[in-house]
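There are 2 protein chains.
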Amino acid sequence: MSQDTSPFTRRLATNARTVEGLLERLLGQTTEADEIARPANLLAAMRHGVLNGGKRLRPFLVIECADLLGGNRDAALRVGAALECVHCYSLVHDDLPAMDDDDMRRGQPTVHRAFDEATAILAGDSLLTFAFDIIAAPETALSDAQKVELILALGRAAGHGGMAGGQALDLAAEKSPPDEAGIVTLQAMKTGALIRFACEAGAIVAGAAKEDRARLRAFGEKIGLAFQLADDLLDLTADAETMGKATGKDAARGKGTLVALNGQTWAEDRLEQLVAEAEALLAPYGVRSAILVEAARFIANRRS
Amino acid sequence: MSQDTSPFTRRLATNARTVEGLLERLLGQTTEADEIARPANLLAAMRHGVLNGGKRLRPFLVIECADLLGGNRDAALRVGAALECVHCYSLVHDDLPAMDDDDMRRGQPTVHRAFDEATAILAGDSLLTFAFDIIAAPETALSDAQKVELILALGRAAGHGGMAGGQALDLAAEKSPPDEAGIVTLQAMKTGALIRFACEAGAIVAGAAKEDRARLRAFGEKIGLAFQLADDLLDLTADAETMGKATGKDAARGKGTLVALNGQTWAEDRLEQLVAEAEALLAPYGVRSAILVEAARFIANRRS
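This is the structure we're talking about:
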């Protein structure tokens, strides 16, 4: 059966359209904060960086984790959109000439190619800032306590102890390849932190008990590791056309990955193990967690 | 009487040392969020961008505005430190080669000169993210409702409808000089928004009534305009040694300023008028607002 017609991928696609619709509204010319006009060129660059037909995997995880625990769906959607703004800002900045120097992203010119470098820097800055605006806004139907928890968790997942810190370690890795423990830390921060946050955020949106929150956070950690491992496998095997961006670059730069270190067979075994562990964490929720189990499998087996 | 020995400048300096001390602790190797180590090089770049002996004018305004209305001083200090992180991130990114391309800032090499461009981008990103972390953290002794209000106001002051948007307009102004109304909008966003937020934030920290909050916000607007006008005058008249950075660059790039448009005498008159208006806004608070009146005068008359 093709991935494109499975119930899971249909649900992923439906969610992605809903997220895209909200992002489209949030990044419209008139927004919820309408005191000052937003510069059209900057807004266009932000839209270019966000409205690009991504899979919206992180918002999907927020929405489905919140749903599992009975959270408000609209609130989860807004938190998911905020998280997607953070994810997309990181791509816009990572693509810059001073960073990965990428010309293409999802088959389109990167923001600094479609606009210019200064505008790409500002568009990234603005998307990051906007994420916190979206969560704090009155339109997000959550208690103030929930908003503060979300903002704190997002700040730490995205900041120098999380994603941005992981990116800094990644820069350092080009000059001095890290050992296995170093690679694991780097990846847990660079890609793992936001995926873990996505799952934990769903629990916060649902006002979950401490134990449920810890469980979803642990689930997010497992699939975060799986995501990066699958990415490293793809970087090795996929071609640029499938990925819509340059591939094989990590290997070409001598960046250490666990796949390079331990081999493809090890990586495939490890992926299976991570999915099993992720699945086991959701066992207490029974059949209601089926969609998240499928998400874990999808993440491990994705080919783009 | 020299500015350096007036009671006002002594208080400004005392506050600056307190803010510097908190920033030093917040950006220490071990911080409040200690789950994952922060990369040393990134942290060093963040420290370079922040711990540079600035006047800490924005935190000063948060602290003194909160104090005027009976707010918690420690909470105001933390919000001030968060705001300073946002201000400093904007300087780190503005100095980048793709933006203003500045080598020096406060007599020191800019972050991308002392480190490298990629690290400067990430240090700015991390400082911006950290600002929201600081406000949301349990150590900030405010209600969740106050934190959400602060985060929303800061997000809007710093984002594409505020500071970052103003910076985008500033880039556009190099290619196509704006008219007077365009310059006013640009400046209200680029520098005005954060100064206005500083004053409004003090009111939020104090849990102020709506009217007091609006009054301090209006005061912040006036001194924000004064700040930019004084800056434009300085750019015209000061030398690089006094400023610790390159001067005359705006004029050299043909960037329109109100000083260039209307002349130095007009600007000096307008500055006086703005200070008088700012002072009038504080009249209801009587003698308790003396320090803020002095701050307005200092901002209008500063020579560095």
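Keeping their order, the protein sequence lines are chains A and B. The numbering used here puts the first residue of the first sequence at 196, with every later residue one more than the last. The numbering used here puts the first residue of the second sequence at 196, with every later residue one more than the last. Each residue gets a CB set at the ideal place from its N, CA and C atoms; glycine is no exception. Nothing here was measured: the structure is a model prediction, and the numbers come from that model.
Worksheet entry | Beta carbon of residue 291(A) nearer than 8 Å to that of residue 315(A) | Within the first sequence, numbered from 1, the residue matching residue 291(A) stands at position 96. Within the first sequence, numbered from 1, the residue matching residue 315(A) stands at position 120. Result yes, Cβ atoms of residue 291(A) and residue 315(A) sit closer than 8 Å.
Worksheet item: Are the Cβ atoms of residue 469(B) and residue 421(B) separated by less than 8 Å?
Response: Within the second sequence, the letter at position 274 stands for residue 469(B). Within the second sequence, the letter at position 226 stands for residue 421(B). Yes, these two residues count as a Cβ contact at 8 Å.
Practice prompt. Residues of the segment 282-294 of chain A with a CB closer than 9 Å to any CB of chain B: list them in chain order, please.
Written response: 284, 285, 288, 291, 292, 293 and 294
Item to complete: Check residue 220(A) in the structure and name its three-state DSSP category.
Response: Locating residue 220(A) in the first sequence gives position 25, counting from the first residue. Residue state, collapsed to three classes: helix.
Practice prompt. Starting from residue 241(B), follow the alpha helix (DSSP H) in both directions and report where the run begins and ends.
Written response: In the second sequence, residue 241(B) corresponds to position 46, counting from 1. Residue 241(B) -> alpha helix (DSSP H) spans 235-245.
Discussion item. Between residue 243(B) and chain A, is the shortest Cβ-Cβ distance under 8 Å, so that the two count as touching?
Written reply: The residue given as residue 243(B) occupies position 48 in the second sequence. Between residue 243(B) and chain A, the shortest Cβ-Cβ separation is not below 8 Å.
Discussion item. I need the straight-line Cα distance from residue 423(A) to residue 388(A), nearest angstrom please.
Written reply: Here residue 423(A) refers to the residue found at position 228 of the first sequence. Here residue 388(A) refers to the residue found at position 193 of the first sequence. Between residue 423(A) and residue 388(A), the C-alpha separation is close to 11 Å.
Discussion item. With H, G and I counted as helix, E and B as strand and the rest as coil, what does DSSP make of residue 202(A)?
Written reply: The residue given as residue 202(A) occupies position 7 in the first sequence. Residue state, collapsed to three classes: helix.
Worksheet entry | Interfacial residues, the segment 305-318 of chain B to chain A, with Cβ spacing under 9 Å | 307, 311, 312, 313, 314, 315, 316, 317 and 318
Fill in: Cβ-Cβ distance between residue 473(B) and residue 414(B) below 8 Å
For this step, residue 473(B) is matched to residue 278 along the second sequence. For this step, residue 414(B) is matched to residue 219 along the second sequence. Yes, the Cβ-Cβ distance between residue 473(B) and residue 414(B) is below 8 Å.
Worksheet item: Does the beta carbon of residue 162(A) sit closer than 8 Å to a beta carbon anywhere in chain B?
Response: A question about residue 162(A) goes unanswered here, because the residues of chain A that appear run from 196 up to 499.
Worksheet item: Unbroken alpha helix (DSSP H) runs of length 4 or more, entirely within the segment 453-488 of chain A: which are they?
Response: Counting only unbroken stretches of 4 or more residues, the alpha helix (DSSP H) elements lying wholly within the segment 453-488 of chain A are 453-457 and 459-477, in sequence order.
Worksheet item: Would a check of beta-carbon distances place residue 346(A) closer than 8 Å to chain D?
Response: Going by chain labels, chain D is absent from the structure shown, which instead holds the protein chains A and B.
Worksheet item: Alpha carbon to alpha carbon, what distance is there between residue 401(B) and residue 288(A)?
Response: Sequence index remark: in the first sequence, residue 288(A) carries index 93 (1-based). Sequence index remark: in the second sequence, residue 401(B) carries index 206 (1-based). Here the alpha carbon of residue 288(A) sits roughly 37 Å from the alpha carbon of residue 401(B).
Worksheet item: Are residue 466(A) and residue 375(A) close, meaning C-beta to C-beta below 8 Å?
Response: Against the first sequence, residue 466(A) aligns to sequence position 271. Against the first sequence, residue 375(A) aligns to sequence position 180. Not in contact: residue 466(A) and residue 375(A) (Cβ atoms no closer than 8 Å).
Discussion item. Cβ closer than 7 Å: which chain B residues qualify as neighbours of residue 324(A)?
Written reply: The residue labelled residue 324(A) in the question sits at position 129 within the first sequence. Ordered by position in chain B, the residues that pass the 7 Å Cβ test against residue 324(A) are 323, 350, 353, 354 and 359.
Discussion item. Distance cutoff 8 Å, beta carbons only. Does residue 234(A) sit that close to anything in chain B?
Written reply: The residue you call residue 234(A) lines up with position 39 of the first sequence. Output row for residue 234(A): interface = yes.
Fill in: Among 296(B), 303(B) and 323(B), nearest to residue 312(B) - alpha-carbon criterion
What you label residue 312(B) is simply residue 117 of the second sequence in a count that begins at 1. Per the Cα distances, 296(B).
Worksheet item: Mind pulling the alpha helix (DSSP H) runs of 4 or more residues that sit fully within the segment 368-409 of chain B?
Response: 375-382 and 388-400
Item to complete: Could you give the DSSP three-state label for residue 304(A): helix, strand or coil?
Response: Numbered from 1 along the first sequence, position 109 holds the residue referred to as residue 304(A). Three-state result, residue 304(A): strand.
Worksheet item: Is the Cβ-Cβ distance between residue 377(A) and residue 301(A) less than 8 Å?
Response: Position 182 of the first sequence holds residue 377(A). Position 106 of the first sequence holds residue 301(A). Taking a C-beta distance under 8 Å as the contact criterion, residue 377(A) and residue 301(A) do not qualify as a contact pair.
Worksheet item: Ordered along the chain, which non-local residues of its own chain (more than five positions away) have a Cβ less than 8 Å from that of residue 237(A)?
Response: Here residue 237(A) is taken as the residue at index 42 of the first sequence, counted from 1. Correct list, in chain order: 314, 317, 318 and 321.
Worksheet item: Going by C-alpha distance, which of 362(B), 278(B) and 243(B) is nearest residue 304(B)?
Response: Along the second sequence, read from residue 1 onward, the residue named residue 304(B) stands at position 109. That would be 243(B), whose Cα lies nearest to the Cα of residue 304(B).
Worksheet entry | Cβ contact check for the segment 328-339 of chain B and the segment 267-276 of chain B: 3 or more pairs under 8 Å | yes
Item to complete: Anything in chain B within Cβ reach of residue 298(A), meaning under 8 Å, just list it in chain order.
Response: If you number the first sequence from 1, residue 298(A) lands on position 103. In chain order: nothing, as chain B lies at least about 16 Å away.
Worksheet item: Anyone know if the C-beta pair for residue 498(B) and residue 433(B) falls short of 8 Å?
Response: By 1-based counting over the second sequence, the position of residue 498(B) is 303. By 1-based counting over the second sequence, the position of residue 433(B) is 238. Yes. Within cutoff.
Fill in: Within chain A, the residues that residue 327(B) reaches when beta carbons sit closer than 7 Å
Taking the first residue of the second sequence as position 1, residue 327(B) is located at position 132. Those within 7 Å of residue 327(B) in chain A are 327, 346 and 350.
Worksheet entry | Closer than 8 Å to chain B by CB, residue 343(A) | What you label residue 343(A) is simply residue 148 of the first sequence in a count that begins at 1. Yes, contact with chain B.
Discussion item. Just to confirm before moving on: does the CB-CB distance between residue 255(A) and residue 221(A) stay below 8 Å?
Written reply: Within the first sequence, residue 255(A) is the residue found at index 60, counting from 1. Within the first sequence, residue 221(A) is the residue found at index 26, counting from 1. No. Outside cutoff.
Worksheet item: Can you tell me the Cα-Cα spacing of residue 219(A) and residue 351(B), whole angstroms?
Response: In the first sequence, residue 219(A) corresponds to position 24, counting from 1. In the second sequence, residue 351(B) corresponds to position 156, counting from 1. The straight-line gap from Cα to Cα measures roughly 18 Å.
Practice prompt. Find out if the Cβ-Cβ distance for the pair residue 381(B), residue 396(B) is shorter than 8 Å.
Written response: By 1-based counting over the second sequence, the position of residue 381(B) is 186. By 1-based counting over the second sequence, the position of residue 396(B) is 201. No, these two residues do not count as a Cβ contact at 8 Å.
Worksheet item: Which residues in the same chain have their Cβ closer than 8 Å to the Cβ of residue 462(B), if we skip the five residues on either side of it in sequence?
Response: Residue mapping note: residue 462(B) aligns to position 267 of the second sequence, counting from 1. Hits under 8 Å: 424, 427, 428, 453 and 454.
Worksheet entry | Within chain B, the residues that residue 362(A) reaches when beta carbons sit closer than 7 Å | Locating residue 362(A) in the first sequence gives position 167, counting from the first residue. Chain B residues near residue 362(A): 317.
Discussion item. Can you pull the chain A neighbours of residue 339(B), defined as C-beta to C-beta under 8 Å?
Written reply: If you number the second sequence from 1, residue 339(B) lands on position 144. The answer, in chain order, is 338, 339, 340, 342 and 343.
Item to complete: Please state if the CB of residue 233(B) and the CB of residue 279(B) are separated by a distance shorter than 8 Å.
Response: Start at 1 with the first residue of the second sequence, and residue 279(B) comes out as number 84. Start at 1 with the first residue of the second sequence, and residue 233(B) comes out as number 38. Going by C-beta atoms, residue 279(B) is not nearer than 8 Å to residue 233(B).
Practice prompt. Starting from the C-beta of residue 282(A), find all residues in its chain whose C-beta is less than 7 Å away, skip the five residues before and the five after it, and write them out in chain order.
Written response: For the purposes of this step, residue 282(A) is taken as the residue at position 87 of the first sequence. Correct list, in chain order: 253 and 389.
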